[in-house]
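Heads up, the thing below is written out as structure tokens.
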Amino acid sequence: MLASGTGSLFKALVQSQDSLGVDIVALIVDAPVPATDIAQASGIPSYLVEVASNRTEWDFQIREILDELQPDLIISAGFMRVLGPQVLAGFEGRIINTHPALLPAFPGAHAVRDALAAGVQETGATVHYVDAGVDTGPVIAQTVVSIDPDDDEESLHERIKSAERVMIIDVVRDILTGKVRYDNGRVVTS
881 MLASGTGSLF KALVQSQDSL GVDIVALIVD APVPATDIAQ ASGIPSYLVE VASNRTEWDF
941 QIREILDELQ PDLIISAGFM RVLGPQVLAG FEGRIINTHP ALLPAFPGAH AVRDALAAGV
1001 QETGATVHYV DAGVDTGPVI AQTVVSIDPD DDEESLHERI KSAERVMIID VVRDILTGKV
1061 RYDNGRVVTS
């Protein structure tokens, strides 16, 4: 798994490992973040790969770790970095990402703020396969979250994260059971 923050999505998946029948083999973070505490408490190895001025080298370091681990599925859970071509080439169709908006609306790092600024009535969360763009990969699932008149960025983001935690577990289950799969840049469901 990949994470950049508190690790609430990571924690939800750690707590669901047994019911999903999965083994989270590692956590990769881009900075010293609280998510690593969750990994340590759960006995999951973590790797810190800080972004340096050379993004190609950073991408290569992540690729080396993933090559060693050989995960069946890579989950970008609140990971605030765009993966480069070396990682994507080696793991196409095996990387999924959560995003706090109903893509294609509000891609990028400020989706919650952007939704509020746009004055929309609802936003939500998306899980999608990762491609070379920023939040442009094929959508696997979405869930709608209404925007309350008194919402600020923090309150809305917390409600979106709650929805994401449920959705990511469902999506992982669907991928593991073959109900959802990646096929040449498309999501196929059965």
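Position in the sequence shown (first residue = 1) + 880 = my numbering.
A virtual CB, placed ideally from N, CA and C, is assigned to each residue, including glycine.
Collapsed DSSP secondary structure at residue i in the structure displayed
{"i": "residue 1002", "result": "strand"}
{"i": "residue 893", "result": "helix"}
{"i": "residue 1016", "result": "coil"}
{"i": "residue 882", "result": "strand"}
{"i": "residue 1046", "result": "helix"}
{"i": "residue 928", "result": "strand"}
{"i": "residue 992", "result": "helix"}
{"i": "residue 904", "result": "coil"}
{"i": "residue 1035", "result": "helix"}
{"i": "residue 962", "result": "coil"}
{"i": "residue 1026", "result": "strand"}
{"i": "residue 940", "result": "helix"}
{"i": "residue 971", "result": "helix"}
{"i": "residue 997", "result": "helix"}
Paired residues, beta bridge with residue i - DSSP
{"i": "residue 977", "result": "956 and 1008"}
{"i": "residue 1021", "result": "1007"}
{"i": "residue 1063", "result": "1066"}
{"i": "residue 918", "result": "Looking at the DSSP assignment, residue 918 forms no beta bridge with any residue, so it has no partner."}
{"i": "residue 909", "result": "883 and 928"}
For residue j and residue i, believed in contact at Cβ under 8 Å, the rounded distance
{"i": "residue 1024", "j": "residue 1044", "result": "That pair is no contact at about 12 Å."}
{"i": "residue 884", "j": "residue 960", "result": "4 Å"}
{"i": "residue 976", "j": "residue 1051", "result": "7 Å"}
{"i": "residue 1049", "j": "residue 892", "result": "6 Å"}
Status (buried if at least 16 other CB within 10 Å, exposed otherwise) for residue i
{"i": "residue 916", "result": "buried"}
{"i": "residue 1015", "result": "buried"}
{"i": "residue 1059", "result": "exposed"}
{"i": "residue 980", "result": "buried"}
{"i": "residue 956", "result": "buried"}
{"i": "residue 973", "result": "buried"}
{"i": "residue 978", "result": "buried"}
{"i": "residue 1036", "result": "buried"}
{"i": "residue 939", "result": "buried"}
{"i": "residue 833", "result": "This structure does not reach residue 833, given that the chain is present from 881 up to 1070, and the question cannot be answered."}
{"i": "residue 909", "result": "buried"}
{"i": "residue 1046", "result": "exposed"}
{"i": "residue 1013", "result": "exposed"}
{"i": "residue 923", "result": "exposed"}
{"i": "residue 1004", "result": "buried"}
C-beta atoms of residue i and residue j nearer than 9 Å
{"i": "residue 1020", "j": "residue 995", "result": "no"}
{"i": "residue 982", "j": "residue 1006", "result": "yes"}
{"i": "residue 993", "j": "residue 930", "result": "no"}
{"i": "residue 902", "j": "residue 1056", "result": "yes"}
{"i": "residue 872", "j": "residue 936", "result": "Since the first and last residues shown for the chain are 881 and 1070, residue 872 lies out of range."}
{"i": "residue 966", "j": "residue 942", "result": "yes"}
{"i": "residue 1008", "j": "residue 1017", "result": "yes"}
{"i": "residue 896", "j": "residue 958", "result": "no"}
{"i": "residue 900", "j": "residue 882", "result": "no"}
{"i": "residue 919", "j": "residue 912", "result": "no"}
{"i": "residue 1065", "j": "residue 1030", "result": "no"}
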